[in-house]
Structures are given as C-alpha cells and as structure tokens.
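**Q**
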Amino acid sequence: MFGINGAEFVVLLVVAVVVIGPERLPRYAEQLGSFVRSARGYLRDAKARVDAEIGDEISDVDWSKLDPRQYDPRRIVREALLDDEPDRERAAPTPASRTAPSSVPPGGRAPFDDEAT
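In the UniProt record's numbering, the protein residues as written are 1 to 117.
This is the structure:
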C-alpha cells in the first residue's frame, strides 16, 4: 500500500500518536475512514459512468497490442534489417550503382553555398 512496508507503517502510527495525541486519535481515525469510504464511492461511481459512456465498444479493444512494453527497439531494428528485400545482395552491382548519385543536372553547375565551411 503506497510503497510502505510494515516497519514504516508502525513508525507512522507512533508518530501519529505522539503528534495527534491519544485522546484525539480515534476521532481523526474515524474521519480518515469516512474519507476513504467516500473516495472509494466516488471512484466506483466514476468507473460506472465511464463504463456507461464507452459502452461495449471498449471490450472489443485488444489491450495487449497497445502495451508499450512490447516495443523493443532492438527487435524492431533487427526485424527491419533482416527484412527480405528483393535479392539485393545477389545481384551484380552495375557501374552506375557503384558511384554516388549526382544532384547536378547534366551540363549544369554544381550548387554553391558561400556560408558552408
């Protein structure tokens, strides 16, 4: 509950008894209990309203496909690299494919950027 273990809970109870005092502690415990019960009621009503608004459409959703923990970047990259492409490795490279593609049109001038380093 809230990441509190047994020893921490006992320490919190002792601090509450010391700070609040034994004569006022039952009244505050009762108020805390009524607050927790009313909060549970509000949450139950909100859940019922959300279920009524959404209806049966939400039951058709496969939530396991939307789980972000299933998206392992290493697996995605591995699958993308091992994807079967049309026999690119087996084809003999042509002389045109050995050179980098040129962005200069034939007979034109190369682009010049005077601000480039």
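Glycine is no exception: its CB is placed at the ideal position from the N, C-alpha and C atoms. Quantities reported herein were computed from a predicted structural model and do not represent experimental measurements.
Assign ALA46 to one of three DSSP states: helix, strand, or coil.
**A** Note: ALA46 maps to helix in three-state DSSP.
**Q** Out of curiosity, what's the CA-to-CA distance linking LEU12 and ASP51?
**A** Computed Cα separation, rounded: 37 Å.
**Q** Is the beta carbon of LEU25 less than 8 Å from the beta carbon of ALA16?
**A** Yes; because the gap between Cβ atoms is below 8 Å, this pair is in contact.
**Q** Leaving out five residues before and five after ARG75 in sequence, what residues of the same chain have Cβ atoms less than 6 Å from its Cβ?
**A** By the criterion of a C-beta distance shorter than 6 Å, ARG75 is surrounded by no residue of its chain, once the five residues flanking it on both sides are discounted.
**Q** Pick helix, strand or coil for ASP51, following the three-state DSSP scheme.
**A** helix
**Q** Would you identify the three-state DSSP class for ILE4, choosing helix, strand or coil?
**A** coil
**Q** For GLY108, does the three-state DSSP call read helix, strand or coil?
**A** coil
**Q** Output needed for SER97: all residues of its chain with C-beta closer than 7 Å, excluding positions within five of it in sequence on either side, in chain order.
**A** Bear in mind that the predicted position of SER97 carries a pLDDT of just 49, short of 50, making it unreliable; the figure below should be weighed with that in mind. There are no such residues.
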